[in-house]
Every structure is written in C-alpha cells, then in structure tokens.
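Residue numbers (the numbering used here): 835 to 1203. For glycine and all other residues, C-beta sits at the position ideal for the given N, C-alpha and C. Below is one structure, written out as structure tokens, with a few remarks after it.
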Amino acid sequence: MRKDRRQIVEKSRGVDKPLLILVLILTGIGLIAVADASAPQALNFFKDELYFFKQQAVWAAIGVALLILVSFIKYNFWEKIATPLFFINVLLLMVVLAPGVGISALGARRWIDLGVLSFQPSELIKLSLILYLAKVASREKGALAYFLPLVAVSALIMLQPDLGTTLVVVMVSLVQIFIAGVNLFYFVGGAIIAGVTAAVLILISPYRRERLLTFLESTRDPLDSSYHIRQILLALGSGGFAGVGLGASRQKYLFLPEAATDSIFAVLAEEIGFVGSLAIIILFAAIVLRGLKIANNAPDKFSQVASIGIVAWITTQFFLNISSMVALTPLTGVPLPLISYGGTALTTILLATGILLNISRYAKAKRAN
C-alpha cells in the first residue's frame, strides 16, 4: 500500500504543476462567472438563480476528475485508440444531424439528448481530430491523410451549421499540419482553400453575411443585427479601469445575449474592469506558454503534434472569443475556454489538459535522461 502511494507521489512530481494550477484557477473563475452571469436567466426560466451554476459545477467536478485520471495514463494510450476514437466521433457528428435525435436550438442542430444529459459531438471531435492527426504525423503519411479527415469533419460540422466551430477545427488542424512537416506547397494550398471556402460560406448565408456587415458597421440596425455587439461594447465600456464590482453587472440582466456562454467575458469585463480582464488574459497566456514548453520537450512526434494541437485549440478559441468581444473580428459564437457555460466543452478541455500534463511528465523524464 505504501509502495503504491509512493509511486503515485513520484509520478505526480513529474507533472507540470504551474499548468495544472493555472487551469484550475481559470476553471474556478469560470464557475464564479457562470454563477454570476447566468443568475438572471436562471431565475427567469427556472426560478433558481444557481440552476446553470449547479450544472456547470457537476461538469467541472467530472472534468477535474478526468484531468487527474488521464494525467496518470501514459500518452501513447491515446495514440493506440486515436483511430477508433476519431471514427466514433465522426459517427456522432452524423447522428446529431438525424431528425428526432439531434436537438435543434437557435437554428442549429448541435446536441444529442440522452435523457439525463445532452452533449455536443462537435466539442468531442476537436480533441479526437487532434489526436488522430498527431497519430498520422507519427506515421509520417502524405498530405491527403491530413486533409481528408479535416474536410470530412468540417463538412459535417457545417451541416449543423456551426461556422465558429469549423473555424476552430480548421485553424487548429492547419497548425498541426504545419508542425508535422507537411510539404509547404500543400500546406499553403490547404490554407488558401480553407480561406476561400470560409468566405463563400459567409457570403451565401444571409445570417452570416449580416454578421459580417454588422462587424464592418457596428451602428447598423442597433435594435436588431448590431444589438449584440453594441451591448457587449456597452458592458466593456461600463467596466472602466477597475469594474463596477463582482456581481454588479447591469448588462447581464437580459440585455446582453448569451451572457453566460459566448458573451461571458463582457460580463466579467464590466464587473472586474480592465485590470481584472488583463489578469484573465495573462492567465491564458501563461497556459499557452506552459503548453508550448511541453510541446518543445515532447518525447516523440505523436506527443509533440498532440501537444501543439491542444495548445492551438485553447489559443484559437481564446482569440476568437476575446477578439469578437472587442470588435476586432465578427461574432463567431465560439465559447471562452474553461470559463463559458457548457458541460461538453469544459470536460473535453480538462481531459485534453490531462493528456498535456501526462506528456509533460515524460518530457521531463526525457530531459533527465
């Protein structure tokens, strides 16, 4: 018994503790933010201010448990199951499109309802595609082996439709493909095709086209198409340097759309101001730097490309969310990692962090040798 306990302690010493602490801090901030930002909506619809917080707290507990468990599972386990895991998730993306199975909300079909819970296959596919492309990289296959699964996944997600998630998947995959060392000609060609496809998808959709026009002209139709971004900017401006105080946001009172999900950073910025917002940005930057350090010291090709994929995933979602909040990019509906309300997104990110932590353990062992 003592020997087993000693082995666990020895294994935990090798983990990247700063990364673990940073992720737990942001998860805690996320729970507080969800409890705060979702309270008016929860009270209005469920007569319980903590309704969404309770759900998120359960998912956070599950996610942290998965993080700890996975951090003790050697990373090459994920290399072994990457292929079946990927195809199972592709199947789930198909299932969500089936009438009567996938749940429709706000014009999109993104969730599968199991009765006791619902989940988003598009969140699960982010991690499974990262692991699959890392396995492809470890086998040193040609460009088609990377681009075919990427195209298939992107097409299925767009059928939901979900351009924001598609952008995340494509951007993360392109980073992995570049790091894997695919011929630059194919990489540049793939990036150009992705850019042109995104432009076409925006132009042929009245809803997306309206969002783009609203981004270019934020004063356009302030009570309709530009209402969301104007409420976000109002929240940011109200926060000023030090904020109006935790829990004192006015915009969360059903003025700001998606206050607990896509727009949660705006509520935080209103309450904790520029100083608090900057602190959150610094925490995310620190996570990215720790992740890049782990990737740089990864023991093999699979772990390196997987690490880069996980870091790129967090970075891309963070950038797309924050940049849309400050009107640097159009609103995409991409949640803020670890902070926005959403059980599937939170648990998947925490599970991915567990994989990253396990890689950090073996990366340190490599340096020691």
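Flag this pair as yes or no: are the beta carbons of residue i and residue j separated by less than 7 Å?
i       : j       : result
ILE1189 : ALA1132 : no
ILE998  : THR1166 : A small fix is needed here, since residue 998 is Gly in this sequence, not Ile. Yes, they are a contact pair.
THR1150 : VAL1006 : yes
ALA916  : LEU965  : yes
ALA1186 : ILE1128 : no
SER956  : ILE991  : yes
ALA1076 : VAL1101 : no
ASN923  : ILE959  : yes
GLN875  : ARG944  : no
GLU1104 : GLY1081 : no
GLN1010 : LEU982  : no
What do you get for residue i, buried or exposed, if any count of 16 or more other CB atoms within 10 angstroms of its CB means buried?
i       : result
GLY976  : exposed
VAL1034 : exposed
ALA1094 : buried
PRO1164 : buried
PHE1136 : buried
ILE1026 : exposed
GLY1143 : buried
GLY936  : buried
Given this structure, state the Cα-to-Cα distance separating residue i from residue j, to the nearest angstrom.
i       : j       : result
MET928  : GLY949  : 19 Å
ALA986  : VAL1003 : 11 Å
PHE920  : SER962  : 5 Å
ILE1106 : GLY1023 : 43 Å
PHE953  : LEU865  : 19 Å
GLN1138 : ASN1130 : 7 Å
MET835  : LEU900  : Reliability fails at MET835, whose pLDDT of 45 lies under 50, so the model's placement of it is uncertain and the value that follows must be treated cautiously. In a straight line, the C-alpha of MET835 is about 23 Å away from that of LEU900.
ALA1069 : TYR1087 : 11 Å
LEU853  : ARG1124 : 6 Å
ARG973  : GLY1176 : 35 Å
ILE863  : PHE1021 : 38 Å
SER872  : ASP996  : 23 Å
ALA1063 : ASP882  : In the sequence on display, residue 1063 carries Ile and not Ala. For ILE1063 and ASP882, the distance between alpha carbons rounds to 28 Å.
LEU860  : LEU884  : 19 Å
LEU1184 : PHE1152 : 15 Å
GLY897  : THR1178 : 9 Å
GLY934  : ILE946  : 10 Å
ALA971  : ILE1013 : 9 Å
LYS969  : ALA894  : 28 Å
GLN1085 : GLN1065 : 7 Å
PRO1091 : LEU931  : 26 Å
PHE880  : SER1083 : 20 Å
ILE1148 : SER1097 : 17 Å
VAL904  : TRP912  : 10 Å
LEU1067 : VAL1168 : 17 Å
PRO918  : LEU926  : 12 Å
ALA1161 : PHE1089 : 18 Å
GLY1015 : ALA1032 : 24 Å
SER1218 : ILE902  : Since the displayed the chain opens at 835 and closes at 1203, residue 1218 lies outside it and no answer follows.
ASP1134 : TYR980  : 19 Å
Please go through the same chain and pick out, in chain order, the residues whose beta-carbon is closer than 7 Å to the beta-carbon of residue i, but skip the five residues on each side of it.
i       : result
ILE907  : ASN1192
LEU1126 : VAL1145
ASP850  : ARG1124, ILE1128, LEU1191 and SER1194
TYR1061 : none
SER988  : THR1000, VAL1003 and VAL1004
GLN889  : GLY1177
ALA942  : GLN994, PRO995 and ASP996
Excluding five sequence neighbours on each side, which residues of the same chain lie with their C-beta closer than 8 Å to the C-beta of residue i?
i       : result
PHE1099 : SER1111, ILE1114, ASN1155, ILE1156, MET1159, LEU1170 and ILE1173
LYS914  : none
LEU856  : LEU1117, ALA1120, ILE1121 and ARG1124
LEU1037 : ARG1043
ASN1017 : ALA977
GLY1079 : GLU1105
ALA891  : LEU865
ASN878  : LEU1088
LEU858  : VAL898
LEU951  : GLY1177
Give the range of the alpha helix (DSSP H) segment to which residue i is assigned.
i       : result
ILE1121 : 1098 to 1130
ASP870  : 851 to 871
LYS975  : Taken as a continuous stretch (DSSP letters only), LYS975 belongs to no alpha helix (DSSP H), as it is neither H nor E.
ARG1064 : 1061 to 1073
GLN1024 : In the sequence as presented, Gln is not what sits at residue 1024; that position holds Gly. Where GLY1024 is concerned, the enclosing alpha helix (DSSP H) stretches over 1018 to 1038.
PRO918  : 910 to 929
GLN889  : 885 to 905
SER1007 : 997 to 1014
GLY1143 : 1135 to 1159
Go through its chain and collect everything with a Cβ distance to residue i's Cβ below 6 Å, but skip five positions before and after it.
i      : result
LEU984 : SER1007
PHE887 : VAL868 and ALA869
Could you tell me the boundaries of the beta strand (DSSP E) in which residue i lies?
i      : result
ALA942 : 942 to 947
Counting only beta-carbon atoms, is residue i nearer than 7 Å to chain D?
i      : result
ARG973 : Protein chains in the displayed structure number just one, and chain D is not present.
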